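Trainee: One structure, pasted below without further comment.
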Amino acid sequence: MGAQDMERQALNVFRMRLLGAEVRAVHSGTATLKDATSEAIRDWVTNVETTHYILGSVAGPHPYPMMVRDFHAVIGKETRKQAMEKWGGKPDVLVACVGGGSNAMGLFYEFVDDEDVRLIGVEAAGFGLDSGKHAATLTKGEVGVLHGAMSYLLQDDDGQIIEPHSISAGLDYPGVGPEHSFLKDLGRAEYHSITDEEALEAFKRLSRLEGIIPALETSHALAYLEKLCPTLPNGAKVVLNCSGRGDKDVHTAIKHLKV
1 MGAQDMERQA
11 LNVFRMRLLG
21 AEVRAVHSGT
31 ATLKDATSEA
41 IRDWVTNVET
51 THYILGSVAG
61 PHPYPMMVRD
71 FHAVIGKETR
81 KQAMEKWGGK
91 PDVLVACVGG
101 GSNAMGLFYE
111 FVDDEDVRLI
121 GVEAAGFGLD
131 SGKHAATLTK
141 GEVGVLHGAM
151 SYLLQDDDGQ
161 IIEPHSISAG
171 LDYPGVGPEH
181 SFLKDLGRAE
191 YHSITDEEAL
201 EAFKRLSRLE
211 GIIPALETSH
221 ALAYLEKLCP
231 TLPNGAKVVL
241 NCSGRGDKDV
251 HTAIKHLKV
């Protein structure tokens, strides 16, 4: 795990160690998700007889994007079932945050063939799309190869990876799952971005209005609702995937929010 992310996700690191996991810090590069992934793959290919690589996102080499998508597809299946029970029909809009893209793909995949259901992914705009400090891969990236997959990447003119930025450790990745890139190019899914400041405001808003402290990743999707909902007709049925709880992010929120 990237050393910087271990600091940001101290509670999760403690939980993993409490459960018996050995968590190794990666200090190379930016010491975040990209570098941890690179080190894990490097160790795997060096020790193939004793090591098996496991990835929790829809990024990386085949068959990992497909495997993770299929396991996460239970999210979309449950959404369809509950929507039919509650509304008697499908949702009109699905919204989820996108870093590598696993929670979003789990929600979207069940509805890809339902052309009347909008699929909206929300990326991290960090300090702003023009700041150079963001993780909006699908919004600002170009096609390249990273970690064994061709997808949209944040890269310079020489194909070197540009360091991403997001207040959320889970969105702080310079690539994205290749199937999201495919859906973007098809025009089947649309992708937007939210800044750190907007995500923090949504983090605080949901906590106060609903008593639910969301993950900072999810807070990006929640913040986009403020822009989306005024554009929808009355009665539109929107499902937002609350992909994580914010206990792990309270330490980060304390540094940035005045409450």
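For the sequence shown, position 136 matches number 136 in the UniProt record's numbering, and the numbering has no gaps at all. Cβ coordinates follow ideal geometry from the N, Cα and C atoms, glycine included. The structure presented is a predicted model; accordingly, all values stated were derived computationally and were not measured.
1. Relative to the alpha-carbon of Ile75, which residue among His220, Met105, Asp172 has its alpha-carbon at the smallest distance?
2. So, is Asp156 buried or exposed, given that buried needs 16 or more other C-beta atoms within 10 angstroms?
3. From Val259, Asn241, Val98, pick the residue whose C-alpha is nearest to that of Thr79; which is it?
4. Grab me the residues of Ser57's own chain with a C-beta within less than 7 angstroms of its C-beta, minus the 5 sequence neighbours each way, in chain order.
5. Enumerate, from N- to C-terminal direction, the unbroken alpha helix (DSSP H) stretches of 4 or more residues contained entirely within the region 105 to 162.
6. Helix or strand or just coil, what does DSSP make of Ser193?
7. Identify the residues that DSSP records as bridge partners of Val48: which are they?
8. Between the beta-carbon of Glu190 and the beta-carbon of Gly121, is there less than 9 angstroms?
9. Judging by CA-CA distance, which residue of Tyr152, Glu115, Glu197, Ala215 is the nearest neighbour of Arg8?
10. Once DSSP output is grouped into helix, strand and coil, what is the label at Leu33?
11. Leu94 bridges to which residues according to DSSP?
12. Per the DSSP calculation, Val26 is bridged to which residue(s)?
13. What are the boundary residues of the alpha helix (DSSP H) that includes Ala215?
14. Per the contact definition of three or more C-beta pairs closer than 8 angstroms, is the region 24 to 37 in contact with the region 151 to 170?
15. Is DSSP giving Arg188 helix, strand or coil here?
16. According to DSSP, what are the bridge partners of Arg245?
17. With distances taken between CB atoms, is the gap from Ile213 to Leu206 smaller than 9 angstroms?
18. Report all residues from its chain with a CB closer than 6 angstroms to the CB of Val239; omit the five preceding and five following residues, and keep chain order.
19. Note down, in chain order, each residue of its chain lying with its Cβ closer than 7 angstroms to the Cβ of Thr218, except the 5 sequence neighbours on either side.
20. Whose C-beta lies closer than 6 angstroms to the C-beta of Ala25 among residues of the same chain, with five residues either side of it excluded?
21. Thinking just about the alpha-carbon of each residue, which of Asp114, Asp185, Gly159, Glu197 is nearest to the one in residue 298?
22. Keeping to the same chain, check which residues put their C-beta closer than 8 angstroms to that of Thr252; ignore five residues upstream and five downstream.
23. Could you have a look at Leu206 and say whether DSSP puts it in helix, strand or coil?
24. Rounded to the nearest angstrom, what separates residue 278 and Ser193 at their Cα positions?
Mentor: So, to answer that:
1. Met105
2. exposed
3. Asn241
4. Val68, Gly100, Gly101, Ser102, Gly177
5. 137 to 140
6. strand
7. Answer by DSSP bridge pairing: none, since Val48 is not bridged.
8. Contact: yes.
9. Ala215
10. helix
11. Leu119, Val239
12. Answer by DSSP bridge pairing, in chain order: Gly2.
13. Note, Ala215: premise wrong, no alpha helix (DSSP H); not H, not E.
14. Below 8 angstroms, enough C-beta pairs join the region 151 to 170 and the region 24 to 37 to call them touching: three or more.
15. coil
16. Pro214
17. yes
18. Thr79, Pro91, Leu94
19. Cys97, Cys242, Ser243, Gly244
20. Cβ contact annotation for Ala25 (same chain, cutoff 6 angstroms, sequence separation greater than five): Ala3, Met6, in chain order.
21. Missing from the structure shown is residue 298; the chain here goes from 1 to 259 and no further.
22. Arg8, Ile167, Leu216
23. helix
24. Because the chain spans 1 through 259 in this model, residue 278 falls outside it and cannot be assessed.
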